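Novice: Mapping of the sequence shown onto my numbering: residues 1 to 403, in sequence order.
All residues carry an ideal CB built from backbone N, CA and C; glycine is no exception.
These numbers come from a predicted model, not from an experiment.
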Amino acid sequence: MGLGGGGDGWDHAAGDAAAAATGMAPDNTFLRWIIGGEDGAGVMDTPVLEQMMSPPSNAAFGHNLSPSSFAAAAAMEDTKPAEALRFALSPTGDSPSPPASTPYDVVLKLGAYKTFSEISPFLQFQHLTCVQAILDELAGATSSSCIHVIDFDIGMGEQWASLMQELASHRRAGAGVTPAPALKVTALVSPASHHPLELQLIHENLSSFAAELGVFFQFAVYNIDTLDPSELLSIAGAGGEAVAVHLPVGAAHAATLPAILRLVKRLGAKVVVAVDRGVDRPDMPLAAHILNSLHSSVFLLDSIDAVGIDADTATKIERFLIHPSIEQSVVARHRGGGAGVTWRGVFAAAGFVAATATTFAESQAESLVSKAHVRGFRVEKRGGALCLYWQRGELVSVSAWRC
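1. Starting from P103 and walking both ways along the beta strand (DSSP E), at which residues does that stretch end?
2. How many Å lie between A210 and L197 at the Cα?
3. For L138, I'd like the list of residues in its chain whose CB is within less than 8 Å of its CB, leaving aside the five on either flank, ordered along the chain.
4. Grab me the residues of I202's own chain with a C-beta within less than 7 Å of its C-beta, minus the 5 sequence neighbours each way, in chain order.
5. Helix, strand or coil, according to DSSP, for V189 in the structure here?
6. Could you tell me the distance, in whole angstroms, from the CA atom of A238 to the CA atom of Y104?
7. Between A274 and L247, how many whole angstroms is the CB-CB distance? I'm expecting something under 8 Å.
8. If I follow the unbroken alpha helix (DSSP H) through L128, where does it start and stop?
9. How far does the beta strand (DSSP E) with P248 in it extend, from its first residue to its last?
10. My parser needs the alpha helix (DSSP H) runs of 4 or more residues fully inside the segment 298-371; what are they?
11. Which one of I309, G351 and L388 has the shortest CA to CA distance from S367?
12. Which runs of the beta strand (DSSP E) spanning at least 3 residues fall entirely within the segment 142-167, listed in chain order?
13. Report, in whole angstroms, the separation of the C-beta atoms of A361 and Q132, which I expect to be a contact under 8 Å.
14. List the residues that DSSP assigns as beta-bridge partners of G383.
15. Does the segment 369-384 come within contact of the segment 303-317, defined as at least 3 CB pairs closer than 8 Å?
16. Which same chain residues end up closer than 8 Å to A112 when comparing Cβ atoms and leaving out the 5 residues on each side of it in sequence?
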């Protein structure tokens, strides 16, 4: 079921851009902070945080932080896969603890996310290529109907702020003769990945940003762990909406991917944007899969270390953004059973056809990477997908698939 009816405190909110949400003043400081428009200092003293937390002592958090040396990637290799395997092998079905379990953790996670976005093209590459793929595949819908994004990986939501900006600019280019653009985002999330405060911030700031741009906007959240597919079928595709799906692929979704793709077809989606972060190889035996996850993560850690950030910041990025993906990958791969086919094979078997990234999308990605703080990142176009590399290691690939 959706998150609205439960007693776990999760928000299931939907409303237009003019409707102010409760709890926080409707400003977009947080969103601008994430996408780089402002320094975002105000996010540290919002009314919600004042009400929900008091500053903890350093001692309260010091023992939870992982080793801070990125040069010693072996520290991660010794600990995180072992922890993930412990959860995977647990007879009680235990799962890793959420990386951000308190409001204070959320603040630390936001800081890590912002820094990571500034020092590495890793996140921005994913967002830029995802948004451009949607624009390319839904070119006819950007000015004539509502775009409805079903998002299996909302992150901090800033990619949809970029999509709003593009929709608003298209309308301005048309001299205002087209209807005001409309965007709906339905986020499918797990309580293990997002704290309620994160979702509240995402909702309120995207709504405020949309109002500023003159974009009609709706946002809804559903608990993916208890989702009834009929709920999605009842809200998606109505009134001529153009449906797009943002989907991370790999071991975490390998067991359910065929069912997800069947649901996507029933939703009438025009495009699925698949994001492969390289750590997941569901087609490999478990041991090889773990080794591949380590290699991929070490390439990412090495790219961060090359920037020369301080150890404390590096530790927070590792703790909140990198370790959770390793845990999720290993646990899901083990519990999913033996090696299966590649996710691309599953897409093809389900009748999806890969679209080729446009020259414009490729040039945008290359322009982004050229502005990186250090040399070593590069973009390759492979099989229609756009891939981001650090040195010889692939970090992430983004591809669009037509239904």
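Specialist: The structure says:
1. No beta strand (DSSP E) holds P103; the alpha helix (DSSP H) holding it covers P103 to I119.
2. C-alpha separation (whole angstroms): 20 Å.
3. Counting only Cβ-Cβ distances below 8 Å, and skipping sequence neighbours, we find I147, A242, A244, K270 and V271.
4. If we look at I202 and ignore the five residues flanking it on each side, its Cβ neighbours are I154, M156 and G157.
5. Strand, per DSSP.
6. Rounded to the nearest angstrom, the two C-alpha atoms are 39 Å apart.
7. Contact between A274 and L247 holds, with the beta-carbon distance rounding to 6 Å and staying under 8 Å.
8. L128 -> alpha helix (DSSP H) spans F122 to E137.
9. From DSSP, the beta strand (DSSP E) with P248 extends over A242 to P248.
10. Fully enclosed alpha helix (DSSP H) runs of no fewer than 4 residues occupy 311-317, 323-335, 343-349 and 359-370 of the segment 298-371, in order along the chain.
11. Comparing alpha carbon positions, the residue from I309, G351 and L388 closest to S367 is L388.
12. The qualifying runs are 147-151.
13. 4 Å between Cβ atoms; contact.
14. In DSSP, G383 forms no bridge with anything.
15. As far as the Cβ criterion goes, the segment 369-384 touches the segment 303-317, which means the pair count is three or higher.
16. Taking A112 as the centre and dropping the five residues before and after it, the same chain places the C-beta of T313, K316, I317, R319, F320 and L321 closer than 8 Å to its C-beta, in chain order.
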